[in-house]
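A.B. asks: Residue numbers (this note's numbering): 156 to 564.
For each residue, glycine too, the CB sits at the ideal point set by N, CA and C.
Only a predicted model underlies this, so the values are computations on that prediction, with no experimental measurement involved.
Pasting a structure here, questions to come.
See the structure below:
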């Protein structure tokens, strides 16, 4: 009895130790670096996040002021939407600020901070990382007001600005920006500004900023102001980044058409190719028609029983069908060909599919269907037999259907 108690105690102790000995793994997002700034005469801490598929290609860079607070917002936006190709990958740089020194740095010393950006931080990032010349700026409150000084610089520093709850939009800043807009016309590609109605102290100056942009011809600049009624002064940054990036990247997600008529009204293949070529140039990505656009066009053609459209897409998209990762798509394409008596095309698709899915009963059965259509019962029987045997091996729920096909020969 004592031996059992001792053994139980030892077993419990071993299990308990093995459970408690498992150390938690830190969930680290990006990495932190310190830049010794000669301009500011101090060390500046930054956080840097690289896209999951980071490689030799060049990526846009999103610079976030007050990175200790909002760095993760830029990372979250990307990680939430990139897996479905709703946003391009980009580098995120968080510029940390100190509460005590922040106010002086972003207003009285704004020109020094801008010099730090242009002469030290941006060159550092572009030297050490695969950074494209497309740069985005995010600033909240005083960092939002700083955006006007950045916009007024002789050379355009940033491609796009995302500005939340801006303050310190002074007459001097508005005047400098007005002067540049009058003399140079364009100052950036995109400006997004948000404000909550509860931020009454900033309403007048933000309206002056809006009026300045409205009264100036800016053929190459898209700008948008959003009121965020459900937000407050401290919650606007999250929605500003999300809505602003969504709007800026609105031409990035793949195109999908609800009907073939919609596709034709859009402009057909010619406009589709032009769209993806322009998208590729803008985002430094493939100029090919997106795989999901190809998928849904083929699917829509089958849904509408439009063989000419289906045949055109299959021809235009080349070997796209061979990239499918499920046997059911090879089967659907082949069955659609068979529906229109295109036996040889169906056999070709099924043969390619069987190279990828050697144990696919459904593809073997469809090959049998194709040879029946071709009038070759002997060959059809071979494939129906293989389909039935494979279905048994796979414990397929449709075994009976495969058996009936075989017996029907």
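1. Run through the stretch 303-375 for me and flag every whole beta strand (DSSP E) of 3 or more residues, listed as ranges in chain order.
2. Which stretch, first to last residue, makes up the alpha helix (DSSP H) that contains residue 537?
3. Compute the Euclidean distance between the alpha carbons of residue 457 and residue 189, then round it to the nearest angstrom.
4. Cα separation between residue 318 and residue 349?
5. Please determine if the stretch 364-383 and the stretch 212-219 are in contact, where contact requires at least 3 C-beta pairs separated by less than 8 Å.
6. In angstroms, rounded to a whole number, what distance separates the CA positions of residue 338 and residue 344?
7. Can you give me the start and stop residues for the beta strand (DSSP E) that residue 472 sits inside?
8. Over the uninterrupted alpha helix (DSSP H) stretch that includes residue 555, give me the two end residues.
9. Give the DSSP-derived three-state secondary structure of residue 434 in the structure shown.
10. In its own chain, which residues sit with a C-beta less than 6 Å from the C-beta of residue 472, not counting the 5 before and 5 after it?
11. Rounded to a whole number of angstroms, what is the C-alpha to C-alpha distance between residue 316 and residue 245?
12. Helix, strand or coil: which one does DSSP assign to residue 527?
13. At which residues does the beta strand (DSSP E) containing residue 291 begin and terminate?
14. Where does residue 255 fall in DSSP's three states?
15. Just how far apart, CA to CA, sit residue 263 and residue 300?
16. Buried or exposed for residue 423, please, with buried defined as at least 16 other CB atoms from any protein chain shown within 10 angstroms of its CB.
17. Could you check how far apart the C-beta atoms of residue 539 and residue 564 are, in whole angstroms? I think they sit under 8 Å.
18. Following the continuous beta strand (DSSP E) through residue 200, name the residue where it begins and the one where it ends.
19. Are residue 489 and residue 467 close, meaning C-beta to C-beta below 8 Å?
20. In whole angstroms, what is the alpha-carbon distance linking residue 295 and residue 451?
21. Between the stretch 424-444 and the stretch 387-394, can you find at least three pairs of beta-carbon atoms closer than 8 Å?
22. Please name the residue or residues paired with residue 186 in a DSSP beta bridge.
23. Which residue's Cα is closest to the Cα of residue 372: 402, 341, 361 and 291?
24. Exposed or buried, what is residue 445 when buried is set at 16 or more other beta-carbons lying within 10 Å of its beta-carbon?
25. Going by DSSP, which residues form a beta bridge with residue 381?
26. When the Cα of residue 303 is compared with those of 347, 286 and 404, which residue comes out closest?
27. Rounded to whole angstroms, what's the CA-CA distance from residue 329 to residue 265? Just pull it up for me.
28. With a threshold of 16 other CB atoms inside 10 Å of the CB of residue 549, please say whether the residue is buried or exposed.
29. Quick check on the burial criterion: 16 or more other C-beta atoms within 10 angstroms. Buried or exposed for residue 176?
30. Residue 605 lies in the beta strand (DSSP E); which residues open and close that run?
31. Ends of the beta strand (DSSP E) at residue 444?
32. With residue 226 and residue 249 assumed to form a contact (beta carbons below 8 Å), what rounded beta-carbon distance in angstroms separates them?
33. Determine whether the beta carbon atoms of residue 331 and residue 307 lie at a separation below 8 Å.
34. Taking the straight line between their C-alpha atoms, what separation do you get for residue 556 and residue 547?
35. For residue 521, does the three-state DSSP call read helix, strand or coil?
36. Hey, out of 403, 363 and 255, whose CA is closest to residue 377's CA?
C.D. replies: Straight from the coordinates:
1. Qualifying beta strand (DSSP E) stretches, in chain order: 315-319 and 345-350.
2. Working through the chain shown from its first residue, we reach residue 537 at position 382. Unbroken alpha helix (DSSP H) run through residue 537: 532-548.
3. Residue numbering aside, residue 457 sits at position 302 when the chain shown is read from its first letter. Residue numbering aside, residue 189 sits at position 34 when the chain shown is read from its first letter. Rounded to the nearest angstrom, the two C-alpha atoms are 57 Å apart.
4. Locating residue 318 in the chain shown gives position 163, counting from the first residue. Locating residue 349 in the chain shown gives position 194, counting from the first residue. Using only the alpha carbons, I get a separation of about 6 Å.
5. With the cut-off at 8 Å, the stretch 364-383 and the stretch 212-219 do not touch.
6. Here residue 338 corresponds to residue number 183 of the chain shown, with the count starting at 1. Here residue 344 corresponds to residue number 189 of the chain shown, with the count starting at 1. So the two alpha carbons sit approximately 17 Å from each other.
7. Your numbering for residue 472 matches position 317 in the chain shown. First-last for residue 472: undefined, no H or E at that position.
8. To locate residue 555, count along the chain shown from 1; it is residue 400. Segment 554-562, the alpha helix (DSSP H) holding residue 555.
9. Here residue 434 refers to the residue found at position 279 of the chain shown. Looking at residue 434 - three-state DSSP - the assignment turns out to be helix.
10. Here the question's residue 472 lines up with position 317 in the chain shown. Same-chain partners within the cutoff: 449.
11. Here residue 316 is taken as the residue at index 161 of the chain shown, counted from 1. Here residue 245 is taken as the residue at index 90 of the chain shown, counted from 1. Linking residue 316 to residue 245 through their CA atoms gives a straight-line distance of about 15 Å.
12. The residue you call residue 527 lines up with position 372 of the chain shown. The three-state reading of DSSP puts residue 527 in helix, counting H, G and I together.
13. Counting from 1 along the chain shown, the entry for residue 291 is found at position 136. In the DSSP assignment, residue 291 falls within the unbroken beta strand (DSSP E) covering 286-295.
14. Your numbering for residue 255 matches position 100 in the chain shown. When DSSP states are grouped into helix, strand and coil, residue 255 belongs to the helix group.
15. Counting from one through the chain shown, the residue named residue 263 turns up at place 108. Counting from one through the chain shown, the residue named residue 300 turns up at place 145. If I take the Cα positions, the gap works out to 12 Å.
16. Translated into the one-based positions of the chain shown, residue 423 becomes position 268. Residue 423 is exposed by the Cβ-count criterion.
17. Position 384 of the chain shown, counting from 1, holds the residue named residue 539. Position 409 of the chain shown, counting from 1, holds the residue named residue 564. About 6 Å separates the beta carbon of residue 539 from that of residue 564, a gap short enough to meet the 8 Å contact definition.
18. By one-based count along the chain shown, residue 200 stands at place 45. Where residue 200 is concerned, the enclosing beta strand (DSSP E) stretches over 197-204.
19. Numbered from its first residue, the chain shown carries residue 489 at position 334. Numbered from its first residue, the chain shown carries residue 467 at position 312. No.
20. Here residue 295 refers to the residue found at position 140 of the chain shown. Here residue 451 refers to the residue found at position 296 of the chain shown. Whole-angstrom Cα-Cα distance: 40 Å.
21. No: fewer than three Cβ pairs fall under 8 Å.
22. In the chain shown, the residue the question calls residue 186 occupies position 31. 203, per the DSSP bridge assignment.
23. Position 217 of the chain shown, counted from the first residue, corresponds to residue 372. Minimum Cα distance to residue 372 is reached at 341.
24. Position 290 of the chain shown, counting from 1, holds the residue named residue 445. Under the 10 Å beta carbon count, residue 445 is surrounded by 16 or more other beta carbons and is classified as buried.
25. For the purposes of this step, residue 381 is taken as the residue at position 226 of the chain shown. In the DSSP output, where bridge partners are listed per residue, residue 381 has 349.
26. As a first step, residue 303 is located in the chain shown; it is residue number 148 there, counting from the start. Nearest neighbour of residue 303 by Cα position, chosen from 347, 286 and 404, turns out to be 347.
27. Taking the first residue of the chain shown as position 1, residue 329 is located at position 174. Taking the first residue of the chain shown as position 1, residue 265 is located at position 110. The straight-line gap from Cα to Cα measures roughly 15 Å.
28. In the chain shown, counting from the first residue as 1, residue 549 sits at position 394. By the 16-neighbour rule on beta-carbons within 10 angstroms, residue 549 is exposed.
29. By one-based count along the chain shown, residue 176 stands at place 21. Caution applies to residue 176, whose pLDDT of 49 falls short of 50 and renders its modelled position unreliable; the value that the coordinates give is listed next. Flag for residue 176 reads exposed.
30. Look at the range of the chain in this structure, 156 to 564, and you will see that residue 605 is not part of it.
31. Numbered from its first residue, the chain shown carries residue 444 at position 289. Where residue 444 is concerned, there is no enclosing beta strand (DSSP E), given that its DSSP letter is neither H nor E.
32. Along the chain shown, one-based indexing puts residue 226 at 71. Along the chain shown, one-based indexing puts residue 249 at 94. Contact between residue 226 and residue 249 is confirmed by a C-beta separation of about 3 Å, below the 8 Å threshold.
33. As a first step, residue 331 must be located in the chain shown, where it is residue number 176. As a first step, residue 307 must be located in the chain shown, where it is residue number 152. In this structure, residue 307 lies closer than 8 Å to residue 331 by Cβ.
34. Translated into positions along the chain shown, residue 556 becomes position 401. Translated into positions along the chain shown, residue 547 becomes position 392. Between the C-alpha atoms of residue 556 and residue 547 there is a straight-line separation of about 12 Å.
35. To locate residue 521, count along the chain shown from 1; it is residue 366. For residue 521, the secondary structure class from DSSP, reduced to helix, strand or coil, is helix.
36. Within the chain shown, the letter at position 222 stands for residue 377. Nearest C-alpha to residue 377: 403.
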